[in-house]
Amino acid sequence: MKSKFTFFGWQRVKAEAIPFKNLKSESRVLILYSIFYIFLAFVCGKLILYFPMPILGAKDFIQDVWYAVVFKFAFLLLIPSILFFGIWKYKIQDLVLGLKPTGTMLIKGVLLISAGFLLNTRHLPRIAEAMSSFEDSELRFFLGIVFPLLIAGLPEELFFRGMLQTRLEKRWNTPLAILVSGLLFTAWHLPSRFLLANGVEGQAGDLASVLLGTGVPVFVIGCFFGWHWARYRNLPVLIIAHWAVDLLPSLSSFFGVSH
1 MKSKFTFFGW
11 QRVKAEAIPF
21 KNLKSESRVL
31 ILYSIFYIFL
41 AFVCGKLILY
51 FPMPILGAKD
61 FIQDVWYAVV
71 FKFAFLLLIP
81 SILFFGIWKY
91 KIQDLVLGLK
101 PTGTMLIKGV
111 LLISAGFLLN
121 TRHLPRIAEA
131 MSSFEDSELR
141 FFLGIVFPLL
151 IAGLPEELFF
161 RGMLQTRLEK
171 RWNTPLAILV
181 SGLLFTAWHL
191 PSRFLLANGV
201 EGQAGDLASV
211 LLGTGVPVFV
221 IGCFFGWHWA
231 RYRNLPVLII
241 AHWAVDLLPS
251 LSSFFGVSH
């Protein structure tokens, strides 16, 4: 009979069992890149402030070309992917780690994804009402669905959980790795919100409101996703669950609905 300590410490794949090509060097590069990304968030916020390029006139700055295409897609998905798959020569299997779908896993995944979606259901009535006002509503609807996957769920989980946290787990320990990756994950959200936020994420120029509206919830969600990754090593579920959290706010932005 397993003790409760064994149960809480269970991991599908322990970090010690994951092979890395150059653990120390890779960890250092990813941490430095994470810190650089915080600085880049400030630069991106300034560019949006003075040279905005909203996609289809989207209401939220996260659908601005500077943020979505340059900051998120290029610097958090494209460049790390080139580094990870092209330069370091890792493969998808090095992130999937022998994951094989099961019925129980499917049920848990559906519940997690549903919970992420339900966090923002307050947006639904206003989205439905606003859709009829746009001639290009089909395009906006499509982009509103695709963007949270390409600029949020996929790059953020791939980098901060799949790449960074796993290496920190092996170099240090799991709790510290979750904490540090969660703090770095939270930190890059703050500069752009401090410069641009106006709503539930805080008020531009008011650090306390940004820390409360963005910092606290992002840190909690980041640590929960970090714990889930450490325990189950199920990156596809985390990516889709993350997408589910951001889906309705993304649609709201493209249809001009205020948060």
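The sequence shown begins at 1 in UniProt numbering and counts up by one. Even for Gly, the Cβ is constructed at its ideal location relative to N, Cα and C.
First and last residue of the alpha helix (DSSP H) that includes Tyr37? 23-50
Check Gly9 in the structure and name its three-state DSSP category. coil
Could you round the C-beta distance between Ile127 and Ser25 to whole angstroms and report it? I think they count as a contact, below 8 angstroms. So it is not a contact: roughly 46 angstroms between Cβ atoms.
Tell me the residue span of the alpha helix (DSSP H) that contains Cys124. Sequence check: residue 124 is Leu here, not Cys. Taken as a continuous stretch (DSSP letters only), the alpha helix (DSSP H) holding Leu124 covers 124-131.
Only counting the same chain, and skipping five residues up and downstream in sequence, which positions put a Cβ closer than 6 angstroms to that of Ser250? Excluding positions up to five away in sequence, the list reads Gly144, Phe147, Pro148.
Output the boundary residues of the alpha helix (DSSP H) element that contains Pro249. Start and end: 235-254.
Inter-residue CB distance, Ser27 and Arg167 (contact presumed, cutoff 8 angstroms): 4 angstroms
Which of helix, strand or coil DSSP assigns to Met1: Legend: pLDDT at Met1 = 48, less than 50; position of this residue unreliable, value from coordinates given subsequently. Three-state result, Met1: coil.
Would you mind sorting Asn120 into buried or exposed? The rule is 16 or more other CB atoms within 10 Å of its CB. buried
Proximity to Gly116 [Cα-Cα], best of Phe255, Ala197, Leu248, Gly256: Leu248
Assign Pro101 to one of three DSSP states: helix, strand, or coil. coil
Could you tell me whether the Cβ atoms of residue 343 and Leu95 are closer together than 8 angstroms? Any answer about residue 343 is impossible in this case: the structure gives the chain only from 1 up to 259.
Report back the beta-carbon spacing between Trp227 and Ala152 to the nearest angstrom; my notes put them in contact at under 8 angstroms. That belief does not hold up - the Cβ atoms of Trp227 and Ala152 are roughly 19 angstroms apart, past 8 angstroms.
N-terminal and C-terminal residue of the alpha helix (DSSP H) that His228 is part of: Start and end: 216-232.
Under the rule that 16 or more other beta-carbon atoms within 10 Å means buried, what is Gln165, buried or exposed? buried
Give the range of the alpha helix (DSSP H) segment to which Pro191 is assigned. 190-196
Given a cut-off of 8 angstroms on the beta-carbon distance, is the pair Leu97 and Ile178 in contact? At the C-beta level, Leu97 and Ile178 stay beyond 8 angstroms of one another.
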